[in-house]
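First comes the structure, then the notes that go with it.
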DNA sequence: TCGTGATATAATTAAATAGTGATACAGTGG
DNA sequence: CCACTGTATCACTATTTAATTATATCACGA
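Residue numbers (our numbering), protein chains in the order written: chain R, 29 to 140; chain X, 29 to 140.
Structural data, given as structure tokens:
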């Protein structure tokens with residue numbers, strides 16, 4: 029008998045889509061890169077990324093709400109860090125897939 | 029010596045973010061579910077999803093442009109199928125991560 | 001409690017995009 | 001060539017959201 033793959037419910041799809049959407053913006057997606065070596069304050073992330081303070085803060089809160097990042101207050105500073113390691117694997121997967129695809133596109137463009 | 033993690037360039041980030049964004053919409057994300065057993069026409073996907081013909085067509089073309097899906101014409105019908113298996117792993121990763129997070133949230137809500 | 005610095009949160013504008021209905025296009029058969 | 005069917009695209013509306021500026025909140029030290 030065939031295993032009947034059950035389709036995800038609409039609410040489940042919404043939750044999963046929201047997680048993907050949190051990674052679907054280049055400005056936002058760049059921030060976790062600066063957290064690979066450890067936690068950083070909002071200021072530091074602003075300097076590293078070139079984004080404004082308010083903008084960085086909002087991006088960070090979106091990813092924190094999604095459970096991708098977590099924060100810790102120390103005095104005046106709020107230190108952000110990666111809360112969910114699966115972001116590494118997600119990015120690796122997409123990078124690999126995109127890389128393969130671009131190789132394919134290159135071949136199609138050069139070859140016949 | 030420390031491996032100096034190189035930050036991705038802005039164009040690379042844009043490409044990766046676009047891939048995530050293609051999965052960041054619940055209506056769109058539901059379509060690949062109907063392709064797990066094999067290819068489907070636009071009509072079939074419309075019936076399965078409850079989305080309009082034009083809407084399905086647009087969602088499909090977004091995912092096809094991203095290399096997630098591929099299409100094949102047979103007569104009047106256009107059959108779509110999954111072109112990149114990494115979508116399975118991406119969804120599995122997110123499902124697992126979201127599941128863990130929700131467990132955590134549940135505990136926080138019920139516990140102290 | 002007052003001033004200062006770091007961060008978060010309005011309020012607003014501008015751009016991206018999901019959805020819809022109408023129409024154009026492609027393939028098939030008469 | 002014409003009618004018909006499935007799909008793609010267009011024009012439009014409504015919603016979402018990134019970015020900015022200004023303001024509010026929070027922690028701290030004088």
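Ideal Cβ positions, reconstructed from N, Cα and C, are used throughout, including at glycine. Being a predicted model, the structure only gives us computed values, none of them experimental.
*Candidates 55/X, 46/X, 44/X: which alpha carbon is nearest residue 227/R's?*
This structure cannot speak to residue 227/R, because chain R is shown only from 29 to 140.
*Are the beta-carbon atoms of residue 46/R and residue 117/R separated by less than 8 Å?*
Residue 46/R sits at position 18 when you count from the first residue of the first chain. Residue 117/R sits at position 89 when you count from the first residue of the first chain. For residue 46/R and residue 117/R, no; Cβs fall outside 8 Å.
*Return no unless some Cβ of chain R is closer than 8 Å to the Cβ of residue 66/X.*
Working through the second chain from its first residue, we reach residue 66/X at position 38. No - not a single Cβ of chain R is within 8 Å of the one on residue 66/X.
*Can you tell which of 126/X, 127/X, 62/X has its C-alpha closest to the C-alpha of residue 107/X?*
Position 79 of the second chain, counted from the start, is the residue given in the question as residue 107/X. Closest by alpha carbon: 62/X.
*What residues from the region 68-86 of chain R come within 8 Å of chain X, judged by C-beta to C-beta, listed N to C?*
none
*Any idea which residues DSSP pairs residue 100/R with across the strands?*
Taking the first chain and counting its residues from 1, one reaches residue 100/R at position 72. Beta-bridge pairing links residue 100/R to 107/R.
*Interface residues of chain R facing residue 131/X [CB-CB closer than 7 Å]*: Against the second chain, residue 131/X aligns to sequence position 103. Neighbourhood of residue 131/X in chain R, by CB distance below 7 Å: empty, with the nearest CB roughly 11 Å away.
*What's the C-alpha gap between residue 91/R and residue 73/X?*
Here residue 91/R corresponds to residue number 63 of the first chain, with the count starting at 1. Here residue 73/X corresponds to residue number 45 of the second chain, with the count starting at 1. Near 32 Å, if we compare the C-alpha coordinates of residue 73/X and residue 91/R.
*asked:* Residues of chain X with CB closer than 8 Å to the CB of residue 42/R, please, in chain order.
replied: Along the first chain, one-based indexing puts residue 42/R at 14. Ordered by position in chain X, the residues that pass the 8 Å Cβ test against residue 42/R are 54.
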